[in-house]
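What follows is a single structure, written as structure tokens, with notes after it.
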Amino acid sequence: MLKNKITIAVIIISFLSLGVFQSPFIVNGQTTEATASTQFRPLPFENAELGRNSHAYLGRIQAPSEQEKEEFVNQITEFGINASKQYGMPASAIIGMSIIESGYGTTRTAHFANNLFGIKVWGYNPPNAWQLKGQPDEDFDREIPVLANYGPDRIVFDETQRRDNWYRQFDSYQHAVHFLTGTLLVNQRYGFAIQNYQTRIANGWDLKDASKEYLYEIANAGYNHLGGDYYKDVVGKLMDQWDLYRHDIIEKEEDTTPPITGIYHTVVSGDTLWRLSIVYGTTVDTIKTMNNLTSDMLFIGQVLFIPVNQPVSEPIIEEPVTSEPVIEPQPEPIGEEPVVEPQPAPIVEEPVVEVAPIQETVVQQPAKGNGNNNGGGNNGGNGGGPKKR
């Protein structure tokens, strides 16, 4: 009986060492390393037989439940949307990246440092950083001292001499997302991809294609050492699965700014911008801006839109003498053609021809009674001189 109890105890201890029995999933790394060490596969310094250096990158042994996945995605969605509004990259990509990089928040770096993206801090015991002990050697400039070598992928390193396995420690998941989007992805190395993404959307690209192309570009720029095609594919599958593209449609916030109200004022003699600003309770610059004026000069009859709420009831204060006067436009001279009085055609007179008197010989006719001729046979002719034409 005692032997059987001992055997059962050994089996239970073995399962615990493999992490089969674990504490519930805790968001934002709230457990200690001691109490959470059984949640992850062992590292060489923890277990010479079962420990592997490659286990350092894996998530916890127990896969997250569907409920845990959904809770994680919902939590990161809010941060991704805020980042998209503030910095312009697709929210779907940020959410998808957090899932693949942290295993829904189950990696060691996510659990202990709230670091969802594996963001490193190189240095010897740097501040605000957490050390991922047992990680394979990534320091190619110097050789890390080895304390024990149990074979390939089973090396115990001198962690006090390392600078290549420190990860930035964040206060929360939100802090991690904010650092990634507001510091890392907007820098000179990756920032170009944001502009390209926005240009594609403006040119009518599908949201899904534009977001995946964004992933491709940042990965090729160095974010992921396996390249753009790989990163676009693995993150893209998660974005498809959760339909994350719906979060890339940012609804415009309702504009609560009250509409501009005002009046139209026709400039009269004596008006100046300064005087009008006093009368209507506004400023000279406001009047100029609303009417696209480039100078303070006004013209009689000019119509101005003046934004006002309530006219000022105070008496008008005379402006200083240095203000510019209103220039009254002078009417342009009317160009009229001179009136030409019609002239009558010149009268051409025929020359007067002097006609010598005709010497007529009176023929004495014998008297024949009263015939009334009286020698006046020419009286009905063309007497009276020449005619005028």
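Heads up, my numbering is the position in the sequence shown plus 150, with the first residue counted as 1. By construction, the Cβ of each residue, glycine as well, lies at the ideal position given by its N, Cα and C atoms.
*In whole angstroms, what is the alpha-carbon distance linking Tyr373 and Ser322?*
Position 223 of the sequence shown, counted from the first residue, corresponds to residue 373. Position 172 of the sequence shown, counted from the first residue, corresponds to residue 322. So the alpha carbons of these two residues sit roughly 22 angstroms apart.
_Using a 10 Å radius around the Cβ and a threshold of 16 neighbouring Cβ atoms, would you call Ile127 buried or exposed?_
The requested residue 127 is not part of the displayed model; the chain covers only 151 to 539.
_Short of 6 angstroms in beta carbon distance, which residues of its chain neighbour Ser248, apart from the five on each side in sequence? Order them along the chain._
Taking the first residue of the sequence shown as 1, we reach residue 248 at position 98. So the list reads Ile226 and Leu266, once near-sequence residues are dropped.
*asked:* Output needed for Ile269: all residues of its chain with C-beta closer than 6 angstroms, excluding positions within five of it in sequence on either side, in chain order.
replied: The count along the sequence shown starts at 1 and reaches residue 269 at position 119. Hits under 6 angstroms: Arg318.
*Using the DSSP secondary-structure output, state which residues sit across from Ala279 in a beta bridge.*
Numbered from 1 along the sequence shown, position 129 holds the residue referred to as residue 279. Answer is Arg318, bridged to Ala279.
*Indicate the three-state DSSP secondary structure (helix, strand or coil) for Val418 in the structure shown.*
Here residue 418 is taken as the residue at index 268 of the sequence shown, counted from 1. Val418: coil per DSSP, three-state reduction.
*Can you tell which of Thr436, Pro194, Gln345 and Lys382 has its C-alpha closest to the C-alpha of Tyr300?*
For this step, residue 300 is matched to residue 150 along the sequence shown. Taking only the C-alpha atoms, the option nearest Tyr300 is Pro194.
*For Thr257 and Trp280, the rounded distance between their alpha carbons*: Position 130 of the sequence shown, counted from the first residue, corresponds to residue 280. Position 107 of the sequence shown, counted from the first residue, corresponds to residue 257. Taking the straight line from one Cα to the other gives about 13 angstroms.
*CB Pro214 to CB His205, shorter than 8 angstroms?*
Looking up residue 214 in the sequence shown gives position 64. Looking up residue 205 in the sequence shown gives position 55. For Pro214 and His205, no; Cβs fall outside 8 angstroms.
*Where does Ile245 land, buried or exposed, given buried means 16+ other C-beta within 10 angstroms?*
Reading the sequence shown from its first residue, position 95 is the one you call residue 245. Label assigned to Ile245: buried.
*With 16 other CB atoms within 10 Å as the buried threshold, where does Leu297 fall?*
Working through the sequence shown from its first residue, we reach residue 297 at position 147. Per the 10 Å Cβ criterion, exposed.
*asked:* In the DSSP output, what is Phe307 paired with across the bridge?
replied: Taking the sequence shown and counting its residues from 1, the one referred to as residue 307 is at position 157. Note: Phe307 sits in a beta bridge opposite Val296.
_Distance, Thr259 Cα to Ser252 Cα_ = Position 102 of the sequence shown, counting from 1, holds the residue named residue 252. Position 109 of the sequence shown, counting from 1, holds the residue named residue 259. Rounded to the nearest angstrom, the two C-alpha atoms are 8 angstroms apart.
*Where Met389 falls, given that 16 or more other Cβ within 10 Å makes a residue buried*: Taking the sequence shown and counting its residues from 1, the one referred to as residue 389 is at position 239. It is buried - the Cβ of Met389 has at least 16 other Cβ atoms within 10 Å.
*Using the Cα positions of Val271 and Thr436, report the straight-line distance between them to the nearest angstrom.*
By one-based count along the sequence shown, residue 271 stands at place 121. By one-based count along the sequence shown, residue 436 stands at place 286. Straight-line Cα distance between these residues: approximately 51 angstroms.
*Could you give the uninterrupted runs of the alpha helix (DSSP H) lying entirely in the stretch 200-262, keeping only those of 4 residues or more?*
216-237 and 241-252
*So what does DSSP say about Phe342, is it helix, strand or coil?*
Reading the sequence shown from its first residue, position 192 is the one you call residue 342. Helix at Phe342.
*Just to confirm, are Ala343 and Ile351 a CB contact at a threshold of 8 angstroms?*
Sequence index remark: in the sequence shown, residue 343 carries index 193 (1-based). Sequence index remark: in the sequence shown, residue 351 carries index 201 (1-based). No, the pair does not count as a contact, with Cβ atoms beyond the cut-off.
*Quick one: is Lys362 buried, meaning 16 or more other Cβ sit within 10 Å of its Cβ, or exposed?*
Counting from 1 along the sequence shown, the entry for residue 362 is found at position 212. Result: buried.
*Pull up the distance between the alpha-carbon of Gln391 and that of Phe262, whole angstroms please.*
By one-based count along the sequence shown, residue 391 stands at place 241. By one-based count along the sequence shown, residue 262 stands at place 112. Going from the Cα of Gln391 to the Cα of Phe262 covers about 27 angstroms.
*Within 10 angstroms of the Cβ of Leu282, are there 16 or more other Cβ atoms? Answer buried if so, exposed if not.*
Looking up residue 282 in the sequence shown gives position 132. Per the 10 Å Cβ criterion, buried.
*Local conformation of Leu454 per DSSP, three classes*: As a first step, residue 454 must be located in the sequence shown, where it is residue number 304. Correct three-state label for Leu454: strand.
*Please state whether DSSP places Gly412 in a helix, a strand or coil.*
For the purposes of this step, residue 412 is taken as residue 262 along the sequence shown, with counting starting at 1. Reduced to three states, the DSSP call for Gly412 is strand.
*In whole angstroms, what separates the C-alpha of Asn442 from that of Thr416?*
As a position in the sequence shown, residue 442 is number 292, starting the count at 1. As a position in the sequence shown, residue 416 is number 266, starting the count at 1. Asn442 and Thr416: Cα-Cα distance of roughly 16 angstroms.
_In this structure, how does DSSP classify Phe190 when only helix, strand and coil are distinguished?_
Indexing the sequence shown from 1 puts residue 190 at position 40. Correct three-state label for Phe190: coil.
*Are the stretch 325-341 and the stretch 224-239 in contact at 8 angstroms, needing three or more beta carbon pairs?*
yes
*Inter-residue Cα distance where the pair is Thr444 and Lys438*: On the sequence shown, residue 444 is found 294 positions in, with the first residue counted as 1. On the sequence shown, residue 438 is found 288 positions in, with the first residue counted as 1. Going from the Cα of Thr444 to the Cα of Lys438 covers about 7 angstroms.
*With 16 as the cutoff for other CB atoms within 10 Å, does Phe175 come out buried or exposed?*
Position 25 of the sequence shown, counted from the start, is the residue given in the question as residue 175. Interpretation of Phe175 is limited by its pLDDT of 37, a score under 50 that renders its predicted location unreliable; no figure is taken from the coordinates.
*Which residues mark the beginning and the end of the alpha helix (DSSP H) in which His325 is found?*
Numbered from 1 along the sequence shown, position 175 holds the residue referred to as residue 325. Taken as a continuous stretch (DSSP letters only), the alpha helix (DSSP H) holding His325 covers Tyr323 to Phe329.
_Per-residue burial, Tyr274 [other beta carbons within 10 Å of its own, 16 or more giving buried]_ = As a working mapping, residue 274 is identified with position 124 in the sequence shown. Flag for Tyr274 reads exposed.
*CB-CB under 6 angstroms to Ile368, same chain, minus the five flanking residues each way: which ones, in chain order?*
In the sequence shown, the residue the question calls residue 368 occupies position 218. Hits under 6 angstroms: Tyr340 and Ala343.
_Coil, strand or helix - Asn529 by DSSP_ = In the sequence shown, residue 529 corresponds to position 379, counting from 1. Any reading at Asn529 must be qualified, since the residue scores a pLDDT of 35, below 50, and its modelled position is unreliable; the value itself is stated next. Here Asn529 sits in coil by DSSP.
_By the DSSP assignment, the alpha helix (DSSP H) with Gly386 in it spans what residues?_
Reading the sequence shown from its first residue, position 236 is the one you call residue 386. Looking at the DSSP string, the run of the alpha helix (DSSP H) that includes Gly386 is Gly378 to Trp392.
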